[in-house]
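**Q**
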Amino acid sequence: MTPNSDYIKSLENYKFKQELKISISEKILKNLFVILLLVNVVLSAQAMINVDARKTTSLNGKWNVIIDPYENGYYDYRYEPSNNGYFKNAQQNERWELLEYSFDTDEMLYVPGDWNSQKEKLLYYEGTIWYKKSFNYNLPKEKRLFLYFGAVNYDAKVYLNGELIGEHEGGFTPFQFEITDKVKEKGNYVIVKADNKRYKDAVPTVNTDWYNYGGITRKVLLIETEETFVQDYFIQLEKGNLNKISGWVKLNGNHLNKKLEIKIPEAEIYKAVNTDDNGFAKFEIEKKMELWSPENPKLYDVELILGECVIADKVGFRTIETRGTDILLNGKSVFLRGICLHEEAAYQNGGRAFSKDHAKVLLGWAKDLSCNYVRLAHYTHNEAMVRYADEIGLLVWAEVPVYWTISWENEATYKNAENQLTEMITRDRNRCAVALWSMANETPLSEARFKFLSKLAKKAKELDPSRLITAAMERHYSDDNTLIIDDEFGKVVDVLGCNAYIGWYDGLPEKCRGIKWETVYDKPVIISEFGGGALFGEHGDKLTRWSEEFQESLYKENLEMFKKVSFIQGLTPWILKDFKSPRRHKPRIQNFWNMKGLISDKGDKKKAYYVLKNFYETIK
Ligand code: GCU
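Quick note on numbering: the sequence shown equals residues 51 to 670 in our numbering.
#1: Under 8 Å by Cβ, that's how I've got Asp-572 and Gly-374 pegged, so tell me the actual separation to the nearest angstrom.
#2: Can you name, in chain order, every residue of its own chain whose Cβ lies under 6 Å from the Cβ of Asp-544, other than the five neighbours on each side?
#3: Cβ of Leu-675 within 8 Å of Cβ of Thr-275?
#4: For the region 294-308 against the region 343-350, are there 3 or more C-beta pairs whose distance is under 8 Å?
#5: Looking only at its own chain, which residues have a Cβ that is under 7 Å from the Cβ of Leu-662, when we skip the five neighbours before and after it?
#6: In this structure, how does DSSP classify Pro-131 when only helix, strand and coil are distinguished?
#7: Alpha carbon to alpha carbon, how far is Ser-383 from Asn-211?
#8: If you measure from the CB of Asn-608, is any heavy atom of the ligand GCU nearer than 7 Å?
#9: Taking only heavy atoms of the ligand GCU into account, decide whether any of them is closer than 7 Å to the Cβ of Asp-556.
#10: For Asp-440, which three-state DSSP category applies?
#11: Can you give me the Cβ contacts of Ile-669 inside the same chain, cut-off strictly under 6 Å, excluding the 5 residues immediately before and after it?
#12: Any chance the region 443-457 sits against the region 648-658, with 3 or more Cβ pairs inside 8 Å?
#13: Which value, in whole angstroms, describes the spacing of the CA atoms of Phe-367 and Thr-594?
#14: Quick test of the definition: if touching needs 3 or more C-beta pairs under 8 Å, does the region 160-171 touch the region 257-272?
#15: Which same chain residues end up closer than 8 Å to Lys-656 when comparing Cβ atoms and leaving out the 5 residues on each side of it in sequence?
#16: Since I believe Phe-185 is in contact with Leu-109 (beta carbons under 8 Å), could you give me their beta-carbon distance rounded to a whole number of angstroms?
#17: Quick one: residues with CB closer than 6 Å to any heavy atom of the ligand GCU, in chain order, please.
#18: Leaving out the 5 sequence neighbours to the left and right, which residues in its chain are closer than 6 Å to Ile-456 when beta-carbon positions are compared?
#19: By the DSSP assignment, the beta strand (DSSP E) with Met-158 in it spans what residues?
#20: Asn-114 bridges to which residues according to DSSP?
#21: Phe-225 and Ala-95: beta carbons closer than 8 Å?
#22: Here's the rule: buried if 16 or more other CB atoms are within 10 angstroms of the residue's CB, otherwise exposed. What is Pro-559?
#23: Tell me whether Thr-223 sits in a helix, a strand or coil according to DSSP, three-state version.
#24: Is it the case that the Cβ atoms of Val-253 and Val-208 are separated by a distance below 8 Å?
#25: Which one of Tyr-261, Lys-309, Pro-632, Ala-331 has the shortest CA to CA distance from Ile-285?
#26: Going by CA-CA distance only, name the one from Lys-566, Phe-227, Gly-220, Arg-402 that's closest to Phe-617.
#27: Can you check DSSP and say which residues form a bridge with Val-424?
#28: I'd like the span of the alpha helix (DSSP H) that includes Tyr-660, first residue to last.
#29: Under 8 Å, do Asn-549 and Glu-568 count as touching if we go by C-beta distance?
Below is the structure:
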């Protein structure tokens, strides 16, 4: 019987559906596998804290690099990920072999350090650079080994001995991958594909007013641990309680029920805890500690003892809260005499800061200004900055780069922001200097933005209920002379940041004299940015734009205005030091630099520096 055409059609239809089902299930399976791999990679990427207190081997120094603008080392000519990319570090063994790359005979870059400031030809480079470092490691049995990065801007794919071991997105927070089962005694090579290309759904998005410094911008370490070790801990005063330390510890390993001892010898604290099946233990210690403050940055030596392994840290104890429009440090109202900083080293024509020496210069200037507070804008700065703020007594506004026109509706964008927030808070929640976690800067109002930021703020509170949540909010004129702060996100935060450039982007400095400020919230307000530009050594009358006199007048007028507003509890003028920016092109004056610094990149103090210093000294 010849089947009629309908029957054949139905058969083909059925066959097509079956194939479709199979292909869909294969696709789902494949995607599920990829998702599991990624989840596994992302989950295991959470870095352990206080890495410098552990058994580490530095991989800092000169790395071999390949500049790869077309990602030829990652994609084949059909733009499919290649199995034989540069991460294989192939060698040419015979004269007839074809090989079109070679790490060992190509260029070199220092790690840590952005690439833009290391080589003239990389000044504007945005794309991929491959880094390679070889090392030997004799890992004792029962020990574990982790590969740790302080930060890579922006996207990192990390390979060990030719195999992908993990990926990380976000240019300013630490991550790690376990390499216990992959490391050899001799001849290891780690390869990193660092890519600083900007893209719309990233965090930050494509438009920022800071330099897109790419590369392995912070330290790289091998960290050797016991089979079960202290991954994370939190030791701070309980919110609002000056006499109680509350905290927890989290172990990583296979033997999670352990006895752990917390010692603070100077306070005669010796607290033993037993971790549960998840390696977790909470604790509370009633004790009156000498309180940390900017005037008395008291840090205690703290030891966490797990078997033979001792982790030492330096921890300060203080409380930070709000009451109405007041900010309370250790229960007393405090005015935050601050300044904004980008993470850019001084005296070297730009480049990312990453060391304690860099921090000493930058925060030393803040202290000289009589600051008790700094805003580390617009992303998580390196750990040396935050630890040095602990040491010399500067409260800190810490921030994730949720900046300007983020893709609020994109779930992956939110997950990325949340991951960067988690990595920031995890790294720094034992730093008593950190008082505020900032969710955003100057983000345009919308329902999607409100939902995104509210979810992020909720996550921050979950991760750390002890600190204040803030953001640089929007404000607007309710009439010609009244600036009102009524940003909907103000309902969610504890403290409202507000940027206002009266006299620079908004009228001239004298305009400050007629401005009234209003807020609809019974919460503290911090002026998180104000200021204007000047070229050091440029002089004219106070209406000559870019002269030191114009900037000096702008500071005098703004400070006179702010000191009359009772709900303003802090100031962080924009900005301590001139900084590189791709948006600033005025010849002779800017040349790719944002000149709103009070200090030039060469350390020259402009007249406005002394206006602010004098103001802070009088209100101290
Ligand atoms: C904005 C923004 C800063 C920027 C500054 C400026 O407020 O938050 O990142 O650099 O203004 O225009 O200089």
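For glycine and all other residues, C-beta sits at the position ideal for the given N, C-alpha and C.
**A** On the basis of the supplied data:
#1: If you number the sequence shown from 1, residue 572 lands on position 522. If you number the sequence shown from 1, residue 374 lands on position 324. Going by Cβ atoms, the distance from Asp-572 to Gly-374 rounds to 5 Å, so yes, they are a contact pair.
#2: Sequence index remark: in the sequence shown, residue 544 carries index 494 (1-based). Same-chain partners within the cutoff: Thr-372, Leu-518, Ile-519.
#3: With the chain covering 51 to 670 only, the question about residue 675 has no answer from this structure.
#4: Taking a cut-off of 8 Å for Cβ pairs, the region 294-308 and the region 343-350 do not touch, as fewer than three such pairs fall below it.
#5: Reading the sequence shown from its first residue, position 612 is the one you call residue 662. The residues are Leu-419, Tyr-605, Pro-623, Leu-648.
#6: What you label residue 131 is simply residue 81 of the sequence shown in a count that begins at 1. Collapsing the DSSP output to three states places Pro-131 in a strand.
#7: Position 333 of the sequence shown, counting from 1, holds the residue named residue 383. Position 161 of the sequence shown, counting from 1, holds the residue named residue 211. For Ser-383 and Asn-211, the distance between alpha carbons rounds to 56 Å.
#8: Start at 1 with the first residue of the sequence shown, and residue 608 comes out as number 558. Relative to the ligand GCU, even the nearest heavy atom lies 7 Å or more away from the CB of Asn-608.
#9: Position 506 of the sequence shown, counted from the start, is the residue given in the question as residue 556. Not under cutoff, so the answer is no.
#10: The sequence position of residue 440 within the sequence shown is 390, counting from 1. In this structure, DSSP gives Asp-440 a helical state, which the three-state scheme calls helix.
#11: The residue given as residue 669 occupies position 619 in the sequence shown. The beta carbon of Ile-669 lies closer than 6 Å to none in the same chain, with the five residues before and after it left out.
#12: In short, these stretches do not touch, since the Cβ pair count stays below three.
#13: One-based indexing of the sequence shown puts residue 367 at position 317. One-based indexing of the sequence shown puts residue 594 at position 544. Distance between the alpha carbons of Phe-367 and Thr-594 is about 48 Å.
#14: Because the criterion of three Cβ pairs below 8 Å is met, the region 160-171 and the region 257-272 touch.
#15: For the purposes of this step, residue 656 is taken as residue 606 along the sequence shown, with counting starting at 1. Exclusion of the five residues before and after Lys-656 leaves Ala-584, Phe-586, Glu-598, Gln-601, Glu-602, Gly-647, Leu-648, Ile-649, Ser-650 as the residues of its chain whose Cβ lies within less than 8 Å of its Cβ.
#16: The count along the sequence shown starts at 1 and reaches residue 109 at position 59. The count along the sequence shown starts at 1 and reaches residue 185 at position 135. That belief holds up - the Cβ atoms of Leu-109 and Phe-185 are roughly 6 Å apart, short of 8 Å.
#17: So the residues near the ligand GCU by this Cβ test are Asp-259, His-428, Asn-491, Glu-492, Asn-549, Glu-579, Trp-624, Asn-644, Lys-646.
#18: Sequence index remark: in the sequence shown, residue 456 carries index 406 (1-based). Closer than 6 Å at Cβ, skipping near neighbours: Thr-255.
#19: Counting from one through the sequence shown, the residue named residue 158 turns up at place 108. Per DSSP, Met-158 belongs to the beta strand (DSSP E) from 157-161.
#20: To locate residue 114, count along the sequence shown from 1; it is residue 64. Note: Asn-114 is bridge-paired with Met-158, Lys-182 in the DSSP secondary-structure output.
#21: Walking along the sequence shown from the start, residue 225 turns up at place 175. Walking along the sequence shown from the start, residue 95 turns up at place 45. For Phe-225 and Ala-95, yes; Cβs fall inside 8 Å.
#22: Taking the first residue of the sequence shown as position 1, residue 559 is located at position 509. A buried status is given to Pro-559, since no fewer than 16 other beta-carbon atoms sit within 10 Å of its beta-carbon.
#23: Taking the first residue of the sequence shown as 1, we reach residue 223 at position 173. Three-state result, Thr-223: coil.
#24: Against the sequence shown, residue 253 aligns to sequence position 203. Against the sequence shown, residue 208 aligns to sequence position 158. Taking 8 Å as the Cβ cut-off, Val-253 and Val-208 do not qualify as a contacting pair.
#25: The sequence position of residue 285 within the sequence shown is 235, counting from 1. Nearest in C-alpha terms to Ile-285, of all of Tyr-261, Lys-309, Pro-632, Ala-331, is Ala-331.
#26: Along the sequence shown, read from residue 1 onward, the residue named residue 617 stands at position 567. Residue Lys-566 is the option with its Cα nearest to Phe-617.
#27: The residue labelled residue 424 in the question sits at position 374 within the sequence shown. Bridge pairing for Val-424: Val-446 [DSSP].
#28: Numbered from its first residue, the sequence shown carries residue 660 at position 610. Its alpha helix (DSSP H) spans residues 657-669.
#29: Your numbering for residue 549 matches position 499 in the sequence shown. Your numbering for residue 568 matches position 518 in the sequence shown. 8 Å or more divides the Cβ of Asn-549 from the Cβ of Glu-568.
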